[in-house]
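Trainee:
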Amino acid sequence: NENDSAMATFNRIIETHPGYANAYVARGRLKAELADTVGAMADLDHSLEINKKLPNAYVIRASLYMAHPENYEKAESDISDAIRLEPKESGLYVNRAFLRYNRDDYFGAMADYDYAIQLDPLNAPAVYNRGLLRMESRDNDRAIDDFSRVLELDPEDHRALYNRALLFSETRNYAGALKDINELIARFPRLPEALYMRSDIYRQQGKMLQAEKD
Numbered sequence: 002n003e004n005d006s007a008m009a010t011f012n013r014i015i016e017t018h019p020g021y022a023n024a025y026v027a028r029g030r031l032k033a034e035l036a037d038t039v040g041a042m043a044d045l046d047h048s049l050e051i052n053k054k055l056p057n058a059y060v061i062r063a064s065l066y067m068a069h070p071e072n073y074e075k076a077e078s079d080i081s082d083a084i085r086l087e088p089k090e091s092g093l094y095v096n097r098a099f100l101r102y103n104r105d106d107y108f109g110a111m112a113d114y115d116y117a118i119q120l121d122p123l124n125a126p127a128v129y130n131r132g133l134l135r136m137e138s139r140d141n142d143r144a145i146d147d148f149s150r151v152l153e154l155d156p157e158d159h160r161a162l163y164n165r166a167l168l169f170s171e172t173r174n175y176a177g178a179l180k181d182i183n184e185l186i187a188r189f190p191r192l193p194e195a196l197y198m199r200s201d202i203y204r205q206q207g208k209m210l211q212a213e214k215d
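Position in the sequence shown (from 1) plus 1 gives the number in this note's numbering.
#1: Please report the residue range of the alpha helix (DSSP H) in which H159 lies.
#2: Which whole runs of the beta strand (DSSP E) in the segment 24–96 are 3 residues long or more, in chain order?
#3: Only counting the same chain, and skipping five residues up and downstream in sequence, which positions put a Cβ closer than 7 Å to that of A33?
#4: In the DSSP assignment, the alpha helix (DSSP H) including F148 goes from what residue to what residue?
#5: Quick check on K214: does DSSP put it in helix, strand or coil?
#6: Which value, in whole angstroms, describes the spacing of the CA atoms of N4 and H18?
#7: What separation, rounded to the nearest whole angstrom, lies between the Cα atoms of V95 and R131?
#8: On the three-state DSSP scale, how would you describe K180?
#9: Which same chain residues, not among the five before or five after R150, have their C-beta less than 7 Å away from its C-beta?
#10: Work out the CA separation of R165 and T172 for me, nearest whole Å.
#11: At 4 residues or longer, what runs of the alpha helix (DSSP H) sit wholly inside the segment 103–135?
#12: Just to confirm my understanding: we take R30, look at its own chain, exclude 5 residues before and 5 after, and list those with CB closer than 7 Å. What are they?
#13: Where do the ends of the alpha helix (DSSP H) carrying R13 lie?
#14: Going by Cα to Cα distance, which pick from P190, L134 and I202 is closest to L167?
#15: Within the same chain, show all residues whose beta-carbon is closer than 6 Å to that of A83, passing over the 5 residues directly before and after it, in chain order.
#16: Find the nearest neighbour of P88 within the set P126, K54 and I145, judged by alpha-carbon distance.
#17: If you drop the 5 nearest sequence neighbours on each side, which residues of the same chain put their C-beta closer than 8 Å to that of L185?
#18: Have a look at D146 and E90 and give me their C-alpha separation to the nearest angstrom.
#19: May I have the straight-line CA-CA distance separating M136 from L45, to the nearest angstrom?
#20: Which whole-angstrom value describes the C-beta separation of L154 and A125, a residue pair presumed to lie in contact below a C-beta threshold of 8 Å?
#21: Whole angstroms is fine: what's the gap from V26's alpha carbon to N72's?
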């Protein structure tokens, strides 16, 4: 099959040109795709021994480290090395922000999301994740701004719609909350979280009959 012939090609290149670092990166990526993590890691390590300036090697190795939370520190270090080589690649900052958040570095994560969005204002996942981080730190108005921006970029993003409804409800903008949650229920009529949220919004407004119905 294609994987076997690709592996044979990489093996041949490495036999004839053992100092060609990118061949080890390519073979390492293929091994990673074939779930040979140990083999992939060995190839990526070796490629970086030959040449420390291979952003792809750091990124692929980081993705292998990211499969295990105990290796998040190593993954973050690799992503940082990739960023030094590719400082304008917004996706790298999003990946590092995820790692920093999971290592309880909220300020570092926020800085990475901010810079990723500065580099690529259309990066909806970065804007959405920054909204979640702002939501968590009770920065509600700016979290609402982020979820609104996500919905401009992707009107179908139901998670952003749900979170904005929740924040509108928390900030007592019941009209905004109801508009969002009604739109969500129209799309997903049997979504219990949405029905529960609408009942809570009705309850806060004193509309107990509607709340009970939901």
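By construction, the Cβ of each residue, glycine as well, lies at the ideal position given by its N, Cα and C atoms. Just so it is clear, the structure is predicted and the values come from calculations on it, not from any experiment.
Mentor: According to the structure data:
#1: Your numbering for residue 159 matches position 158 in the sequence shown. Under the DSSP assignment, H159 falls in the alpha helix (DSSP H) whose first and last residues are H159 to E171.
#2: With a minimum length of 3 residues, no continuous beta strand (DSSP E) run stays inside the segment 24–96.
#3: Counted from its first residue, the sequence shown places residue 33 at position 32. Non-local C-beta neighbours of A33 in its own chain, meaning closer than 7 Å and more than five positions away in sequence, comprise A41, I61 and L65, ordered along the chain.
#4: Along the sequence shown, one-based indexing puts residue 148 at 147. Membership of F148 in the alpha helix (DSSP H) is indicated by the continuous run N141 to L154.
#5: Here residue 214 refers to the residue found at position 213 of the sequence shown. Reduced to three states, the DSSP call for K214 is helix.
#6: Here residue 4 refers to the residue found at position 3 of the sequence shown. Here residue 18 refers to the residue found at position 17 of the sequence shown. Computed Cα separation, rounded: 21 Å.
#7: Taking the sequence shown and counting its residues from 1, one reaches residue 95 at position 94. Taking the sequence shown and counting its residues from 1, one reaches residue 131 at position 130. V95 and R131 have their C-alpha atoms roughly 10 Å apart.
#8: To locate residue 180, count along the sequence shown from 1; it is residue 179. In the structure shown, the three-state DSSP call for K180 is helix.
#9: On the sequence shown, residue 150 is found 149 positions in, with the first residue counted as 1. Here the set comprises V128.
#10: Your numbering for residue 172 matches position 171 in the sequence shown. Your numbering for residue 165 matches position 164 in the sequence shown. Spanning the two alpha carbons is a distance of roughly 10 Å.
#11: Listed in chain order, the complete alpha helix (DSSP H) runs (minimum 4 residues) inside the segment 103–135 are 107–120.
#12: By one-based count along the sequence shown, residue 30 stands at place 29. I61, listed in sequence order.
#13: Translated into the one-based positions of the sequence shown, residue 13 becomes position 12. R13: member of the alpha helix (DSSP H) spanning E3 to T17, first to last residue.
#14: Locating residue 167 in the sequence shown gives position 166, where the first residue counts as 1. Answer by Cα proximity: I202.
#15: As a working mapping, residue 83 is identified with position 82 in the sequence shown. Same-chain partners within the cutoff: P56, Y59, V60 and L93.
#16: The residue you call residue 88 lines up with position 87 of the sequence shown. Considering only alpha carbons, the answer is K54.
#17: Your numbering for residue 185 matches position 184 in the sequence shown. Its chain contains H159, L162, Y163, A166, L192 and A195 as the residues whose beta carbon lies nearer than 8 Å to that of L185, once the 5 sequence neighbours on both sides are disregarded; these appear in chain order.
#18: Position 145 of the sequence shown, counted from the first residue, corresponds to residue 146. Position 89 of the sequence shown, counted from the first residue, corresponds to residue 90. Distance between the alpha carbons of D146 and E90: 24 Å.
#19: What you label residue 136 is simply residue 135 of the sequence shown in a count that begins at 1. What you label residue 45 is simply residue 44 of the sequence shown in a count that begins at 1. Rounded to whole angstroms, M136 to L45 spans 38 Å at the Cα level.
#20: As a first step, residue 154 is located in the sequence shown; it is residue number 153 there, counting from the start. As a first step, residue 125 is located in the sequence shown; it is residue number 124 there, counting from the start. Under the criterion of beta carbons closer than 8 Å, L154 and A125 qualify as touching, at roughly 4 Å.
#21: Taking the first residue of the sequence shown as position 1, residue 26 is located at position 25. Taking the first residue of the sequence shown as position 1, residue 72 is located at position 71. Between V26 and N72, the C-alpha separation is close to 20 Å.
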